[in-house]
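From first to last, the protein sequence lines stand for chains F and W. Going by my numbering, the first sequence opens with residue 44, and the numbers climb by one from there. Going by my numbering, the second sequence opens with residue 44, and the numbers climb by one from there. Virtual Cβ for every residue (Gly too), placed ideally from N, Cα, C.
Number of protein chains: 2
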Amino acid sequence: MITVYGMTMSGNCWKATQILRLTGHAFHWVETDPNTGDTATTAFLAMNPQGEVPVVTLDDGSVLTQSNAILAHFAEATAWLPDHGLARTRVMQWLFWEQYSHEPYIAVARNLITYRGQKQAQAGRLAVCAQRGAKALRVMEQRLAGHDWLTDSGPTIADLALFAYTHVADEGEFVVPPGVATWVARVGALPGIQTLPRP
Amino acid sequence: MITVYGMTMSGNCWKATQILRLTGHAFHWVETDPNTGDTATTAFLAMNPQGEVPVVTLDDGSVLTQSNAILAHFAEATAWLPDHGLARTRVMQWLFWEQYSHEPYIAVARNLITYRGQKQAQAGRLAVCAQRGAKALRVMEQRLAGHDWLTDSGPTIADLALFAYTHVADEGEFVVPPGVATWVARVGALPGIQTLPRP
């Protein structure tokens, strides 16, 4: 059976279980917390030398890493990922943008403020996160103020990738603009979507 | 004709022109330097509201952004990108890893040290870049000490994406491990590969 190693509160790990559920794959979950050393064991590092979650293992022993590559892997040949051309490229643009311009600020602020209790200790870093995370939300608003989904292909893994940390952005003390907030509700209302637990 | 807006010294912009050359697409180049305001003009922001290069425009006016999405777009249906399954996912893993764990440290150190002359002024930030960039090179070495290419599919856009800033990592004062150095020479020797100019 497919096994997912991940941390329940992580948006990146949520992406893995969410796409598996949406595409009808049963899986076994192994709670794996980088903060308590679970990703630094010999056994874990043998699977993923980078010591990061999520990790997905397949029946044949293959190991998948990188949350957005995992999204694309299981979305292949489903409506969650257009099969070629510009429609597919639009989805890929959002996936790369999420990892470069959104997650490093919004996920990091959420972790430092809500899960690590380091709001004062990391004030300088959080100021950068606040500014760049707000910019990322403005980029999303530019699209979502006038459209239902991030691309013209209906709901895709672009929406899942961005939903992951946007629907809990308040835990990083971000104010979500109105078009983004409406989209968060729209994605959350899709059949089979789960949200992250609250602390 | 396809038009590429980019900065000659940028590895991300190099990716766009390199894949166009390798896949036989003629293109027109427009030098566009974010450091001198070229990406902040009304005309540029109308194309890419994020004010980033590279931007590629197609004959029908479509605008492509995000260097690794551009690589995948033009590599589709060529030997540079396996068409499905685990082989494709392995390439995608390296593309996402490059943007999250390699480029933010190696490209940024190169820019600050060699192009912005801020080695002293940005000493704190550069210390983080040095540590995390070295870690990224160790991850590459783990694969490349025993393999010719980053994936088992022969040379792909994973190798192009990582070559972009790795072959000029010395400009960020990184020491490239031996397996990575041999791979840099191997990629550079492929037919049609161009290297970035030196300052």
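Asked	Found
Inter-stretch contact at 8 Å, needing at least 3 Cβ pairs: the region 141-157 of chain F / the region 203-220 of chain F	yes
Local conformation of ILE45 (chain W) per DSSP, three classes	strand
Within 8 Å, strictly: CB atoms of LYS178 (chain F) and LEU169 (chain F)	no
Supposed contact pair THR66 (chain W) and ALA115 (chain W) - C-beta distance, whole angstroms, cut 8 Å	With 8 Å as the limit, ALA115 (chain W) and THR66 (chain W) do not qualify as a contact, their Cβ atoms being about 12 Å apart.
Own chain, CB closer than 7 Å to VAL106 (chain W), minus 5 neighbours either side, in chain order	MET90, ASN91, VAL98 and THR100
Sheet register partners of THR100 (chain W) (DSSP bridge)	W:THR46 and W:VAL106
Chain-ordered neighbours of PRO140 (chain W) on chain F, where CB pairs are closer than 7 Å	One detail in the question is off: residue 140 (chain W) reads as Trp in this sequence, not Pro. Those within 7 Å of TRP140 (chain W) in chain F are GLN109.
Per-residue contacts from PRO92 (chain W) into chain F (C-beta, under 8 Å)	VAL182 and GLN185
Cα-Cα separation, ILE149 (chain W) to SER53 (chain W)	12 Å
PHE87 (chain W), enclosing alpha helix (DSSP H) - first and last residue	85-90
GLN73 (chain W) (DSSP reduced to helix, strand or coil)	Looking at the sequence itself, residue 73 (chain W) is Val, so the reference to Gln does not match. If DSSP states are grouped into helix, strand and coil, VAL73 (chain W) belongs with the strands.
Unbroken stretches of the alpha helix (DSSP H), 4 residues or longer, contained in the region 110-173 of chain W	110-118, 128-140 and 146-153
Euclidean distance between Cα positions of SER144 (chain W) and VAL230 (chain W)	21 Å
Whether THR85 (chain W) touches GLY49 (chain W) by CB criterion (8 Å)	no
Range covered by the alpha helix (DSSP H) that runs through ILE200 (chain F)	200-209
Contact set between the region 129-162 of chain W and chain F, restricted to residues whose Cβ is under 7 Å from the partner	LEU129, THR132, MET135, GLN136, PHE139, TRP140, GLN142 and TYR143
C-beta neighbour in chain F for GLU119 (chain W), strict 8 Å	yes
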